[in-house]
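Asker:
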Amino acid sequence: MSIVGVAVLCIIVSLVCKIIEPNCKSVSMVLAVALVGFVMLLAISGLSDITACISRLASKAQIEQDYIKIIFKSMGICYISSIACNCCKDCGENAVASAVETLAKISLAVLALPLLNAVISIVEALIYE
Amino acid sequence: MDVDLIFKIAAIGIIVAVLGQILKRAERDEQAMMTTLAGLIVVLMMIINQIAELFDRIKTLFELS
Numbered sequence: 062m063s064i065v066g067v068a069v070l071c072i073i074v075s076l077v078c079k080i081i082e083p084n085c086k087s088v089s090m091v092l093a094v095a096l097v098g099f100v101m102l103l104a105i106s107g108l109s110d111i112t113a114c115i116s117r118l119a120s121k122a123q124i125e126q127d128y129i130k131i132i133f134k135s136m137g138i139c140y141i142s143s144i145a146c147n148c149c150k151d152c153g154e155n156a157v158a159s160a161v162e163t164l165a166k167i168s169l170a171v172l173a174l175p176l177l178n179a180v181i182s183i184v185e186a187l188i189y190e
Numbered sequence: 838m839d840v841d842l843i844f845k846i847a848a849i850g851i852i853v854a855v856l857g858q859i860l861k862r863a864e865r866d867e868q869a870m871m872t873t874l875a876g877l878i879v880v881l882m883m884i885i886n887q888i889a890e891l892f893d894r895i896k897t898l899f900e901l902s
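Chains as they are written, first to last, in this note's numbering: chain Z, 62 to 190; chain D, 838 to 902.
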């Protein structure tokens, strides 16, 4: 589906959400979440060849594979947590949204620890030589 | 995953809204609430698989877990 189709679909469905909101707010919230899921599925389908191209370039440039893996993992964590956080905010649950955001930040920090250790060990090797 | 799931959910939402309004006018608030609840459960069952598929695809794409 082209971007134009998706844009028109989003406008129409969000109007329908507003129309049915006064009578049954819950169904309109679920409709919004369904639409977000659908559009993200479309976005994700285009992402697989981007990641393949990046990993091919990285292997050409002799960059270690696990650094690229860490980057991909952090991208995945960012996508999932931003979807969940915005859906929670949309349903009015700001506390839940901030909880998801905090978990995402902490898991990203944990993910980046080996990179930090690698940099520090290189700097130590330079200093103490 | 296709577009008509979104249209099905929108149609269910509109029907439940109209039914709720009619039942409220006829002073049957319990049935109105039951109708809204039933519509909500049907819609939730429909999108559970879609959201699960979305997160599975992200997980496999980025080798997350």
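Just so it is clear, CB atoms sit at the ideal spot from N, CA and C, and this is done for glycine as well.
Does chain D have any CB closer than 8 angstroms to the CB of Z:Gly137?
Answerer: Closer than 8 angstroms: yes.
Asker: Just reading off the alpha helix (DSSP H) that D:Asp839 is part of, what are its end residues?
Answerer: Per DSSP, D:Asp839 belongs to no alpha helix (DSSP H) and is neither H nor E.
Asker: Determine the contact status of Z:Cys71 and Z:Ser89, defining contact as a CB-CB distance below 8 angstroms.
Answerer: No. Outside cutoff.
Asker: Rounded to whole angstroms, what is the Cα-Cα separation between Z:Thr112 and D:Arg865?
Answerer: Rounded to whole angstroms, Z:Thr112 to D:Arg865 spans 56 angstroms at the Cα level.
Asker: Would you tell me roughly how many angstroms separate the C-alpha atoms of Z:Ser116 and D:Ala869, rounded to the nearest one?
Answerer: Each residue's Cα considered, the two are about 55 angstroms apart.
Asker: Among the candidates Z:Gln126, Z:Leu103 and Z:Val180, whose CA atom is the shortest distance from the CA of Z:Val65?
Answerer: Looking at the Cα atoms, Z:Leu103 is the closest of the given residues.
Asker: At what residue ranges does the segment 156-190 of chain Z contain a whole run of the beta strand (DSSP E), taking only runs of 3 or more?
Answerer: Correct list: empty.
Asker: So, are the CB atoms of D:Val855 and D:Thr873 less than 8 angstroms apart?
Answerer: For D:Val855 and D:Thr873, no; Cβs fall outside 8 angstroms.
Asker: I'd like to know whether the C-beta atoms of D:Phe899 and Z:Met62 end up nearer to each other than 8 angstroms.
Answerer: In this structure, Z:Met62 does not lie closer than 8 angstroms to D:Phe899 by Cβ.
Asker: Would you tell me roughly how many angstroms separate the C-alpha atoms of Z:Asp151 and D:Ile843, rounded to the nearest one?
Answerer: Taking the straight line joining both Cα atoms gives about 18 angstroms.
Asker: Look at the alpha carbon of Z:Ser5 and the alpha carbon of D:Glu890, and state the distance between them as a whole number of angstroms.
Answerer: Here chain Z comprises residues numbered 62 to 190, so residue 5 of chain Z is not present and cannot be evaluated.
Asker: Touching or not, the segment 135-149 of chain Z and the segment 165-185 of chain Z, by the rule of three or more beta carbon pairs under 8 angstroms?
Answerer: The segment 135-149 of chain Z, when compared against the segment 165-185 of chain Z, does touch it at the 8 angstroms Cβ threshold.
Asker: Name, going along the chain, the residues of the segment 875-891 of chain D whose beta-carbon falls closer than 8 angstroms to a beta-carbon of chain Z.
Answerer: So the list reads Gly876, Leu877, Val880, Leu881, Met883, Ile884, Gln887, Ile888, Glu890 and Leu891, given in the order they occur along the chain.
Asker: Does any CB atom of chain Z fall closer than 8 angstroms to the CB of D:Leu842?
Answerer: True, the Cβ-Cβ gap to chain Z drops below 8 angstroms.
Asker: To be precise: take each residue of the segment 105-137 of chain Z, compare its Cβ to all Cβ atoms of chain D, and keep it if any distance is under 9 angstroms. Which residues remain?
Answerer: Taking 9 angstroms as the Cβ-Cβ cut-off against chain D, the residues of the segment 105-137 of chain Z that qualify are Ile105, Ser106, Leu108, Ser109, Thr112, Lys130, Phe133, Lys134, Ser135, Met136 and Gly137.
Asker: Quick check: is the beta carbon of D:Leu860 nearer than 8 angstroms to any beta carbon in chain Z?
Answerer: Output row for D:Leu860: interface = no.
Asker: Kindly indicate which three-state DSSP category D:Glu867 falls into: helix, strand or coil?
Answerer: Here D:Glu867 sits in helix by DSSP.
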